[in-house]
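What follows is a set of notes on a single structure, which appears directly below.
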Ligand code: SF4
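Residue numbers (the numbering used here): 1176 to 1466.
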């Protein structure tokens, strides 16, 4: 019989909301060291890092906006998706009661907050995929509202940007999104980028790209080079931590390519703020492990 994973999903939510991943914290510390001594940029990063430590110590949210919960669940053959969805919802409700999550789910028609982070079938968002083997993997990202607001989608070619349907056009579009975000998305953040797809699949893929660790390298050398170039050029924009100017505007860029219709060429940018909350849980042989 399929086990009840509610308590493991709850722990996944707790860790995601309160314990920033090691790769993100490391990159923030490197960013702090690279900023000018005594600058506003360094001060902002000092505050961010102190906040990260306190959240971890006290199991309190890293940011007051605990974001949209977006889950990706890969499950072995024979598991019930309905049961898993219900367990995830129960975990989210309990996490809200324990204040790991702020009540964030608002009915867009009535304006009423459900107060428990549930809502329609898209809140919380859960993507399911059946996989070979006996291991269940659940990944969670908590996507803040401020940084979600500065996400952008471009349709190439774009005459205003001088961006054609090629990778240099992609670079121009992504840098435009970073420039327009200025300090509003709580920089420094990470860029999840999708090239291609339709409007919906492209945005979804741009968020999936954010599950990659900051210190990995894209297996496609062409995209790896583009990721490096965009990060480097974004960091020359002098927007800096929280928009105070400085050397670190972007912690990293992760790009995913999708097939597309000949008529369409979308570039979707999901901006993830410094509160880059993502975690993964694997369940195997009755044991849960958190990463
Ligand atoms: S954008 Fe991120 S850091 Fe800024 S308020 Fe929202 S969740 Fe918090």
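Don't be surprised by glycine CBs; every beta carbon is placed ideally from N, CA and C.
Bridge partners - residue i, DSSP secondary structure assignment
i            : result
residue 1463 : 1458
residue 1305 : 1250
residue 1333 : 1338
residue 1443 : 1328 and 1369
residue 1453 : 1316
residue 1161 : Look at the range of the chain in this structure, 1176 to 1466, and you will see that residue 1161 is not part of it.
residue 1311 : 1458
residue 1281 : 1288
residue 1425 : 1364
residue 1237 : Note: residue 1237 sits in no beta bridge, so no partner.
residue 1432 : 1370
residue 1300 : 1245
Spatially closest choice to residue i from the options, by CA coordinates
i            : options                   : result
residue 1362 : 1383, 1179, 1283 and 1422 : 1422
residue 1274 : 1464, 1401 and 1188       : 1188
residue 1231 : 1197, 1288, 1393 and 1411 : 1197
residue 1281 : 1243, 1258 and 1301       : 1243
residue 1289 : 1271, 1373 and 1343       : 1271
residue 1229 : 1389, 1194 and 1443       : 1194
residue 1257 : 1436, 1341 and 1180       : 1180
residue 1418 : 1356, 1202 and 1375       : 1356
residue 1358 : 1236, 1425, 1437 and 1208 : 1425
residue 1238 : 1267, 1319, 1374 and 1201 : 1319
residue 1429 : 1391, 1374, 1416 and 1450 : 1391
residue 1466 : 1186, 1212, 1215 and 1435 : 1186
residue 1435 : 1452, 1330 and 1292       : 1330
residue 1450 : 1178, 1248 and 1192       : 1192
residue 1235 : 1213, 1276, 1207 and 1214 : 1276
residue 1420 : 1246, 1210 and 1301       : 1210
residue 1297 : 1354, 1247, 1431 and 1208 : 1247
residue 1454 : 1431, 1386, 1414 and 1438 : 1386
residue 1302 : 1182, 1379 and 1404       : 1379
Task: Three or more C-beta pairs below 8 Å linking the stretch 1302-1313 and the stretch 1349-1369 - done: Put simply, the stretch 1302-1313 does not touch the stretch 1349-1369. Fewer than three CB pairs are less than 8 Å apart.
Task: Pocket of ligand 1 defined by Cβ to heavy atom distance under 5 Å - done: Residues whose Cβ lies closer than 5 Å to any heavy atom of ligand 1, listed in chain order: 1238, 1240, 1319, 1321, 1322, 1361, 1448 and 1450.
Task: Given 8 Å, three or more beta-carbon pairs between the stretch 1299-1307 and the stretch 1243-1262 - done: Result yes; three or more Cβ-Cβ pairs closer than 8 Å.
TODO: Evaluate contact between the stretch 1215-1227 and the stretch 1262-1277, counting only Cβ atoms and requiring at least three cross-stretch pairs below 8 Å.
DONE: Cβ pair count under 8 Å is below three, so no.
Open item on the list: Check whether the stretch 1396-1409 and the stretch 1453-1460 are in contact - that is, three or more C-beta pairs closer than 8 Å.
Closed with: Between the stretch 1396-1409 and the stretch 1453-1460 there are fewer than three C-beta pairs closer than 8 Å, too few to call the two in contact.
TODO: Indicate whether the contact test is met: 3 or more Cβ pairs, each with one atom in the stretch 1408-1425 and one in the stretch 1334-1344, closer than 8 Å.
DONE: Under the three-pair Cβ rule at 8 Å, the stretch 1408-1425 does not count as touching the stretch 1334-1344.
Open item on the list: Three Cβ pairs or more, each shorter than 8 Å: is that satisfied between the stretch 1341-1354 and the stretch 1428-1447?
Closed with: Contact holds: three or more Cβ-Cβ distances are below 8 Å.
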